[in-house]
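Notes to accompany the following structure.
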Amino acid sequence: MCIRDRYMEDELSKKREKSCDQIFAEYLGHVAQKVYAEYYIQVLRFIFLFRECINKNGQQLIEDRKNLPAFLFPKNSVLINPTNDYCCDNNGEQVPDMCNEFLMNYIKQNRNYTDLDDSELIELMQNLCYWMFINGYTCSKIALIK
Numbered sequence: 078m079c080i081r082d083r084y085m086e087d088e089l090s091k092k093r094e095k096s097c098d099q100i101f102a103e104y105l106g107h108v109a110q111k112v113y114a115e116y117y118i119q120v121l122r123f124i125f126l127f128r129e130c131i132n133k134n135g136q137q138l139i140e141d142r143k144n145l146p147a148f149l150f151p152k153n154s155v156l157i158n159p160t161n162d163y164c165c166d167n168n169g170e171q172v173p174d175m176c177n178e179f180l181m182n183y184i185k186q187n188r189n190y191t192d193l194d195d196s197e198l199i200e201l202m203q204n205l206c207y208w209m210f211i212n213g214y215t216c217s218k219i220a221l222i223k
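Count along the sequence shown from 1, then add 77; that gives the number in my numbering.
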């Protein structure tokens with residue numbers, strides 16, 4: 078293995094060790110440089126709601142994790158128990174798996190927390206997941222099926 082390949086592997090490994098919370102913070106920093114303050118507040122609300130949804134459904138993600146290849150999760154990745162915070166303790170590999178749950182169920186029960194309509198929420202979700210993919214935080218790509 079050449080030095081460049083080893084470096085790339087180390088960088089990917091470091092990214093896989095970041096928690097969802099760290100990834101979301103980095104994403105918010107990225108978005109803050111590109112949008113107006115009023116829209117940033119909407120993105121921030123979206124991230125808070127999505128994070129809450131992930132934490133609420135964290136146990137299901139842990140069960141699903143058992144069927145995924147081990148290399149997707151760093152050696153020090155912690156499996157949480159119901160009292161812990163999924164986003165604090167786990168990497169972002171399974172974040173795209175929560176998109177449908179968030180858009181189809183969770184947001185409908187929490188509609189009063191955001192002014193964004195469904196198409197805007199879908200756009201934000203696509204943007205977040207694509208950003209996570211191109212930055213190496215997940216191997217999953219989401220696709221919109223009409």
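We put the CB at the ideal spot given by N, CA and C, even for glycine. Every value quoted in this text rests on a predicted model; they were computed, and no experiment measured them.
Under a Cβ-count criterion, where at least 16 other Cβ atoms within 10 Å of its own Cβ denotes burial, should Met209 be classed as buried or exposed? buried
Anyone know if the C-beta pair for Met175 and Ile118 falls short of 8 Å? no
Using three-state DSSP, classify Leu172 as helix, strand or coil. Checking the displayed sequence, the identity of residue 172 turns out to be Val instead of Leu. Looking at Val172 - three-state DSSP - the assignment turns out to be helix.
In terms of residues, what are the limits of the alpha helix (DSSP H) holding Glu94? Here Glu94 belongs to no alpha helix (DSSP H), and DSSP marks it neither H nor E.
Going straight from the alpha carbon of Tyr163 to that of Gly135, what length do you get? 6 Å
Same chain, Cβ closer than 6 Å to Cys206, neighbours up to 5 away in sequence not counted: Pro173, Ile219
Might you give, ordered along the chain, the residues of its own chain that have their beta carbon closer than 8 Å to the beta carbon of Cys97, omitting 5 neighbours on each side? Arg128, Ile131, Tyr163, Cys164, Cys165, Asn167, Asn168, Gly169, Val172
Taking the C-alpha atoms as reference points, what is the distance between Leu201 and Lys95? 21 Å
Tell me the rounded alpha-carbon separation between Thr215 and Ser196. 23 Å
Could you compute how far the alpha carbon of Asn189 sits from the alpha carbon of Phe179? 15 Å
Report the rounded CA-to-CA distance for His107 versus Leu121, giving the unit in angstroms. 12 Å
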